[in-house]
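Take a look at the structure:
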């Protein structure tokens, strides 16, 4: 039951948890800080922060109406 659902990103390219991935994405959308700072905040590399954001952005773009994305 406590298992984190898998995403399309390989494990080495994911933030620690599903919750962290979503929070990272929301922080970027709200504050537009750079991926280097997001990586430091979530203890992942800059490229992992960027990959995580791009993954969730594409999912949100598909799930939300055009007026919200």
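Residue numbers (the UniProt record's numbering): 1 to 69. Ideal Cβ positions, reconstructed from N, Cα and C, are used throughout, including at glycine. Quick caveat: nothing in here was measured; it's all calculated off a predicted structure.
Member of the options whose CA lies at the smallest distance from the CA of residue i
i           : options        : result
residue 119 : 49, 64, 67, 66 : Outside the modelled stretch of the chain, which goes from 1 to 69, sits residue 119, for which no answer is possible.
Cβ pair residue i, residue j closer than 9 Å
i          : j          : result
residue 25 : residue 60 : yes
residue 46 : residue 57 : no
residue 43 : residue 16 : yes
Nearest-angstrom Cβ-Cβ length linking residue i and residue j, presumed shorter than 8 Å
i          : j          : result
residue 27 : residue 38 : 7 Å
Boundaries (first-last residue) of the alpha helix (DSSP H) holding residue i
i          : result
residue 23 : 18-31
residue 63 : 46-63
residue 36 : 35-42
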